Structure formats: C-alpha cells, structure tokens
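Please read the structure below before turning to the comments.
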Amino acid sequence: MHFYALVQSTLFCAPPGAFTTTIEIGLKTCKRIGESKSMQKLGLTPFQTTFPGCEKLAGDEYQFLACQVKNAIVTLSHQVGTCKMGDPCDPTTVVDPQLRVKNVQGLRVVDASIMPTVTSGNTNIPTIMIAEKASDIIKQSIGCPNYLQPNYENFINKQ
Numbered sequence: 001m002h003f004y005a006l007v008q009s010t011l012f013c014a015p016p017g018a019f020t021t022t023i024e025i026g027l028k029t030c031k032r033i034g035e036s037k038s039m040q041k042l043g044l045t046p047f048q049t050t051f052p053g054c055e056k057l058a059g060d061e062y063q064f065l066a067c068q069v070k071n072a073i074v075t076l077s078h079q080v081g082t083c084k085m086g087d088p089c090d091p092t093t094v095v096d097p098q099l100r101v102k103n104v105q106g107l108r109v110v111d112a113s114i115m116p117t118v119t120s121g122n123t124n125i126p127t128i129m130i131a132e133k134a135s136d137i138i139k140q141s142i143g144c145p146n147y148l149q150p151n152y153e154n155f156i157n158k159q
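In UniProt numbering, the protein residues as written are 1 to 159.
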C-alpha cells in the first residue's frame with residue numbers, strides 16, 4: 001500500500017480584505033519609485049508583467065496587486081517548522097526527539113521541517129546536520145555494529 005503526501009501551501013491564504021501586508025506596502029512603494037520623475041529622467045521604466053488570471057483584475061488595483069503577489073511569491077525551498085519536534089506528550093509536536101512521527105509506525109522526518117524557525121542563513125548546512133544526527137539515531141536504534149558508528153575522535157586526530 002502506498003500513501004502520497006498532501007502538501008498544501010497556505011502562503012497568503014488570508015480572509016478576503018486582509019491582504020494589507022508588508023509585501024503589498026513594499027510593492028506600492030516600488031511602483032511609486034519606479035514611476036517617479038527621477039526614474040523618468042534616467043529613462044528607466046518599471047518592469048511590467050501580468051500573471052495569467054490577473055489581467056481581468058487590472059481595473060481594481062487592490063485585487064490586481066493581490067493576484068500578482070499570490071502568483072509571484074515562492075518559498076525558495078526553505079520551508080521550516082511544519083513538523084515540530086519535541087516532547088511526545090506535547091499535542092503540538094509532530095515528531096519526537098528521535099525524529100519519529102507520532103502515532104505512525106516506522107516513519108521519521110529528516111529535513112528542515114523539524115526546525116522551529118528558519119535560520120538566519122541558508123538552511124542547507126543545518127539540514128545536513130539534522131540528517132547526520134538522524135543517521136546516528138537510526139544506526140543506534142537498529143543496533144548497528146560499532147565499526148559502522150562514526151569515530152569523531154579518530155577523525156579529529158588525523159587532521
């Protein structure tokens with residue numbers, strides 16, 4: 001039996017009329033700067049594009065901008081915090097400290113989703129560290145022989 005993950009991005013899923021965000025304010029500011037006399041003197045014109053489905057909203061700046069933003073914004077694959085790790089008794093956690101999904105036999109989460117918040121830098125290295133720790137946890141849980149366990153002391157002495 002196969003199960004497929006349901007990935008449901010809820011970016012900008014706000015109730016109607018609740019779209020006044022930092023992004024909207026920033027875009028309006030960019031538009032105002034792009035249309036300023038200073039930019040016109042330099043011969044610069046703002047880049048104009050319309051995402052499919054937004055053109056019918058062009059008469060309503062609020063709706064048009066909301067449509068444009070919803071189509072243009074992407075996560076850049078730095079999703080974190082969707083599978084909170086913590087105390088198994090905490091109802092808000094998804095995985096325990098051994099990275100096992102609660103109430104699901106034989107499934108662990110080994111990615112950035114266990115991070116509570118996004119790091120200030122790229123998530124690549126922290127995710128690699130999560131994976132390294134997970135490999136140690138898994139090897140230990142299946143009784144992996146010691147010669148397959150990492151020997152950090154030996155590694156450090158060879159440097």
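Just so it is clear, CB atoms sit at the ideal spot from N, CA and C, and this is done for glycine as well.
All figures in this text were calculated on a predicted structure; none of them were measured in a lab.
Which term fits residue i, buried or exposed, when burial requires 16 or more other beta carbons within 10 angstroms of its beta carbon?
{"i": "I114", "result": "buried"}
{"i": "M85", "result": "buried"}
{"i": "C144", "result": "exposed"}
{"i": "T127", "result": "buried"}
{"i": "A66", "result": "buried"}
{"i": "L42", "result": "exposed"}
{"i": "residue 160", "result": "With the chain running from 1 to 159 in the structure shown, residue 160 is simply not present."}
Once you ignore the five residues that flank residue i on each side, which residues in its own chain have a CB closer than 8 Å to its CB?
{"i": "T117", "result": "V80, G81"}
{"i": "L44", "result": "G34"}
Report, in whole angstroms, the separation of the C-beta atoms of residue i and residue j, which I expect to be a contact under 8 Å.
{"i": "P46", "j": "E55", "result": "Actually they are not in contact, since the Cβ atoms of P46 and E55 sit about 17 Å apart, beyond 8 Å."}
{"i": "I23", "j": "V69", "result": "6 Å"}
{"i": "Q98", "j": "I137", "result": "6 Å"}
Check the DSSP bridge columns for residue i and list the partner residues they point to.
{"i": "M39", "result": "Bridge partners of M39: none, in fact."}
{"i": "V101", "result": "V95"}
{"i": "R108", "result": "R100"}
{"i": "M129", "result": "Bridge partners of M129: none, in fact."}
{"i": "M85", "result": "V95"}
How many angstroms separate the CA atom of residue i from the CA atom of residue j?
{"i": "I25", "j": "A131", "result": "39 Å"}
{"i": "C133", "j": "V74", "result": "Sequence check: residue 133 is Lys here, not Cys. Each residue's alpha carbon lies about 29 Å from the other."}
{"i": "G59", "j": "G53", "result": "13 Å"}
{"i": "N71", "j": "F64", "result": "11 Å"}
{"i": "R100", "j": "C83", "result": "11 Å"}
{"i": "S120", "j": "E61", "result": "34 Å"}
{"i": "Q40", "j": "T50", "result": "22 Å"}
{"i": "M129", "j": "H78", "result": "15 Å"}
{"i": "I125", "j": "S135", "result": "15 Å"}
{"i": "G106", "j": "E153", "result": "31 Å"}
{"i": "K37", "j": "K31", "result": "12 Å"}
{"i": "P91", "j": "L27", "result": "39 Å"}
{"i": "L76", "j": "D111", "result": "15 Å"}
{"i": "F3", "j": "Q48", "result": "42 Å"}
{"i": "N122", "j": "Q140", "result": "29 Å"}
For residue i, I'd like the list of residues in its chain whose CB is within less than 7 Å of its CB, leaving aside the five on either flank, ordered along the chain.
{"i": "T29", "result": "none"}
{"i": "P88", "result": "D96, K102"}
{"i": "V104", "result": "none"}
Go through its chain and collect everything with a Cβ distance to residue i's Cβ below 6 Å, but skip five positions before and after it.
{"i": "L57", "result": "Q63, F64, C67"}
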